[in-house]
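Q: Our numbering puts the first residue of the sequence shown at 298, with every later residue one more than the last.
Glycine included, C-beta positions come from ideal geometry on N, C-alpha and C.
My questions all concern the structure below.
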Amino acid sequence: MILRIVIGLAAGAALLLLPFVASSVWQNLLITTFYFAYLGQAWNVLGGYAGQLSLGHAAFFSIGAYTSVVLHTHLGLSPWVGLLAGAALAAVVSQGIGFLGFRFGLRGFYFILLTLAVAEILRLVALHLPILGGYTGLFINFTPNPWQFQFKGKIPYYFVALSFLGLASGVVWLIERSKFGVYLVAIREDEDAAEALGVDTFRYKMLAYAVSAALTALGGTFYAYYQFYLQPNTVLSMHHSVDIMIRPIVGGSGTILGPILGSFLLELLGEFSRTYFATGAAGLYVVIYGLLLIVVVLFLPRGVYPTLLGWVRRALARHA
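Rendered as structure tokens:
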């Protein structure tokens with residue numbers, strides 16, 4: 298117990314000091330890592346714990362991003378207010394998708410197709426709506442003001458991203474230790490058996506979807522005011538949805554640490570491939586990144602965290 302406290306305090310101190318000694322490049326890498334770990338944690342509620350794989354979370358991400366920007370641009374509302382509005386709207390939209398999918402018994406590949414189709418429909422709609430910038434996209438003017446979710450330098454964004462990750466991880470921690478979390482795991486492992494035992498699977502899947510969508514939408518606001526530009530073909534692409542879901546899958550879905558470890562690993566792999574192979578043939582670093590990712594998936598099929606945890610437990614058992 299004491300060792301855990303010491304490790305926790307040391308890790309906390311390192312996270313607080315790290316941005317002040319890191320270069321701008323590493324600050325950006327850490328921000329991106331926390332940001333994708335946060336989105337992965339949000340996806341983890343639905344895809345990891347409830348076992349409902351979604352390939353359309355870019356839809357909720359974009360709802361959060363566009364809602365906060367449009368409300369700020371046209372009504373003068375602070376993005377901090379728009380952030381909450383976007384989360385609420387994403388939760389409502391998720392209930393519509395969830396009703397179509399869960400009420401009609403869509404599972405596995407068919408549910409994945411439904412979520413992907415919704416994201417693609419929203420992308421096409423966004424491309425033809427002038428209020429969302431259409432094909433050109435929305436540009437956000439930089440006016441350094443914390444109330445407008447805009448900061449000077451990267452350090453404030455680092456702490457906002459870290460806070461977001463802490464929020465999502467806290468939510469997942471509470472879910473994991475609640476009856477709600479137990480029901481979600483039961484649904485993931487055997488939905489028919491859970492129903493037979495009296496679990497209202499429809500209700501709990503809908504609730505998991507709402508929580509997952511709302512958290513994802515919050516990340517959209519962060520992205521909008523970190524990048525200062527939104528374009529439908531980027532934020533609503535299938536590639537973006539894959540970027541969100543691959544973190545918890547590589548790290549270990551259905552665990553708290555999985556999305557975090559997965560995000561760190563993938564960002565480091567991406568940075569390694571860009572640093573050492575970006576000057577080669579066009580697209581070579583992407584190929585190298587893909588090959589490295591394949592190696593990770595082949596040798597750690599359950600995810601990084603569950604595999605490492607298994608190794609540690611077996612090692613301790615041998616020395617017990």
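#1: Can you check whether the CB of L435 is closer than 8 Å to the CB of L527?
#2: List the residues that DSSP assigns as beta-bridge partners of N442.
#3: Can you give me the Cβ contacts of Y522 inside the same chain, cut-off strictly under 7 Å, excluding the 5 residues immediately before and after it?
#4: Using only CA atoms, which one of T370, R400 and V342 lies nearest to F439?
#5: What runs of the alpha helix (DSSP H), each 4 residues or longer, lie entirely inside the segment 528-554?
#6: Does the beta-carbon of K476 have 16 or more other beta-carbons within 10 angstroms, so that it is buried, or is it exposed?
#7: If we ignore side chains and look at the alpha-carbon of each, how far apart do G402 and G383 end up?
#8: What's the call for R400, buried or exposed, on a 16-neighbour Cβ count within 10 Å?
#9: Find out if the Cβ-Cβ distance for the pair A505, V342 is shorter than 8 Å.
#10: Just how far apart, CA to CA, sit L315 and A493?
#11: According to DSSP, is L352 part of a helix, a strand, or is it coil?
#12: Distance check for P556 and A387, CA to CA, integer angstroms please.
#13: Quick check on this structure: which residue in N325, L312 and A308 has the alpha carbon closest to the alpha carbon of E568?
#14: What are the boundary residues of the alpha helix (DSSP H) that V601 is part of?
#15: Given P441, which residues of its chain have a CB within under 8 Å of its CB, disregarding the five upstream and five downstream residues?
#16: Under 7 Å Cβ to Cβ from Y501, same chain only, skipping five residues before and after it: list those, please.
#17: Any chance you could list the alpha helix (DSSP H) runs of at least 4 consecutive residues sitting entirely within the segment 363-444, in chain order?
#18: Starting from A334, follow the alpha helix (DSSP H) in both directions and report where the run begins and ends.
#19: Excluding five sequence neighbours on each side, which residues of the same chain lie with their C-beta closer than 6 Å to the C-beta of A458?
#20: How many whole angstroms separate the CB atoms of G551 and G398, which I take to be in contact at a CB cut-off of 8 Å?
#21: Do you know whose CA, among H537, F461, I472 and A311, lies nearest E417's CA?
#22: How big is the Cα-Cα spacing for L566 and G495?
#23: Name the residue from F357, A385 and I299 whose alpha carbon lies nearest to the alpha carbon of V415.
#24: Just to confirm my understanding: we take M542, look at its own chain, exclude 5 residues before and 5 after, and list those with CB closer than 8 Å. What are they?
#25: Taking 7 Å as the limit between beta carbons, can you name the residues of its chain near A507, skipping five residues before and five after?
#26: Please report how far the alpha carbon of S466 lies from the alpha carbon of L597, in whole angstroms.
#27: Kindly identify the DSSP beta-bridge partner or partners of Y526.
#28: Could you check whether V539 and V594 sit closer than 8 Å to each other, using their CB atoms as the reference points?
#29: Among Y335, L374 and V592, which one has its Cα closest to the Cα of F456?
#30: Please classify L558 as buried or exposed, where buried requires at least 16 other C-beta atoms within 10 Å of its C-beta.
A: Inspection of the coordinates gives the following:
#1: One-based indexing of the sequence shown puts residue 527 at position 230. One-based indexing of the sequence shown puts residue 435 at position 138. Taking 8 Å as the cut-off, the beta carbon of L527 is found closer than this to the beta carbon of L435.
#2: Position 145 of the sequence shown, counted from the start, is the residue given in the question as residue 442. N442 pairs with Q447.
#3: Within the sequence shown, numbered from 1, the residue matching residue 522 stands at position 225. Counting only Cβ-Cβ distances below 7 Å, and skipping sequence neighbours, we find P376, I437, F446 and Q447.
#4: Within the sequence shown, the letter at position 142 stands for residue 439. Residue T370 is the option with its Cα nearest to F439.
#5: Qualifying alpha helix (DSSP H) stretches, in chain order: 529-532 and 535-548.
#6: As a working mapping, residue 476 is identified with position 179 in the sequence shown. Exposed, by the Cβ-count rule.
#7: The count along the sequence shown starts at 1 and reaches residue 402 at position 105. The count along the sequence shown starts at 1 and reaches residue 383 at position 86. If you take the alpha carbons of G402 and G383, they lie about 28 Å apart.
#8: One-based indexing of the sequence shown puts residue 400 at position 103. Exposed, by the Cβ-count rule.
#9: Taking the first residue of the sequence shown as 1, we reach residue 505 at position 208. Taking the first residue of the sequence shown as 1, we reach residue 342 at position 45. Yes.
#10: Here the question's residue 315 lines up with position 18 in the sequence shown. Here the question's residue 493 lines up with position 196 in the sequence shown. So the two alpha carbons sit approximately 50 Å from each other.
#11: Within the sequence shown, numbered from 1, the residue matching residue 352 stands at position 55. Secondary structure of L352 (DSSP, three-state): coil.
#12: By 1-based counting over the sequence shown, the position of residue 387 is 90. By 1-based counting over the sequence shown, the position of residue 556 is 259. Going by the C-alpha atoms only, they are around 21 Å apart.
#13: Residue mapping note: residue 568 aligns to position 271 of the sequence shown, counting from 1. The shortest CA-to-CA distance from E568 to any of N325, L312 and A308 is the one to N325.
#14: Against the sequence shown, residue 601 aligns to sequence position 304. Residue range V601 to R615 is occupied by the alpha helix (DSSP H) that includes V601.
#15: Sequence index remark: in the sequence shown, residue 441 carries index 144 (1-based). Excluding residues within five positions, the ones whose Cβ falls inside 8 Å are Q447, F448 and K449.
#16: As a first step, residue 501 is located in the sequence shown; it is residue number 204 there, counting from the start. F477, Y480, L481 and I484.
#17: Within the segment 363-444, the complete alpha helix (DSSP H) runs of at least 4 residues fall at 376-400 and 406-424.
#18: Within the sequence shown, residue 334 is the residue found at index 37, counting from 1. Where A334 is concerned, the enclosing alpha helix (DSSP H) stretches over S321 to W340.
#19: As a first step, residue 458 must be located in the sequence shown, where it is residue number 161. Closer than 6 Å at the Cβ level, and outside the excluded window around A458, lie I328, F331 and Y332.
#20: Mapped onto the sequence shown, residue 551 falls at position 254. Mapped onto the sequence shown, residue 398 falls at position 101. With a Cβ gap of about 20 Å, G551 and G398 do not count as contacting.
#21: Locating residue 417 in the sequence shown gives position 120, counting from the first residue. Ranking the options by Cα distance to E417, first place goes to H537.
#22: Here the question's residue 566 lines up with position 269 in the sequence shown. Here the question's residue 495 lines up with position 198 in the sequence shown. Each residue's Cα considered, the two are about 45 Å apart.
#23: As a first step, residue 415 must be located in the sequence shown, where it is residue number 118. Out of F357, A385 and I299, the CA that lies nearest to the CA of V415 is found in F357.
#24: The residue given as residue 542 occupies position 245 in the sequence shown. Once the five neighbours on either side are set aside, the close Cβ partners of M542 are G337, W340, G344, L350, S351, L352 and H354.
#25: One-based indexing of the sequence shown puts residue 507 at position 210. Around A507: A388, S391 and Q392.
#26: In the sequence shown, counting from the first residue as 1, residue 466 sits at position 169. In the sequence shown, counting from the first residue as 1, residue 597 sits at position 300. When only Cα atoms are considered, S466 and L597 end up about 23 Å apart.
#27: As a working mapping, residue 526 is identified with position 229 in the sequence shown. Beta-bridge pairing links Y526 to F436.
#28: Taking the sequence shown and counting its residues from 1, one reaches residue 594 at position 297. Taking the sequence shown and counting its residues from 1, one reaches residue 539 at position 242. Cβ atoms of V594 and V539: not closer than 8 Å.
#29: Residue numbering aside, residue 456 sits at position 159 when the sequence shown is read from its first letter. Selection Y335, L374 and V592 evaluated against F456 yields Y335 as nearest (Cα-Cα).
#30: Here residue 558 refers to the residue found at position 261 when the sequence shown is read from its first residue. Around the beta carbon of L558, a 10 Å sphere encloses 16 or more other beta carbons of the protein chains shown; the residue is thus reported as buried.
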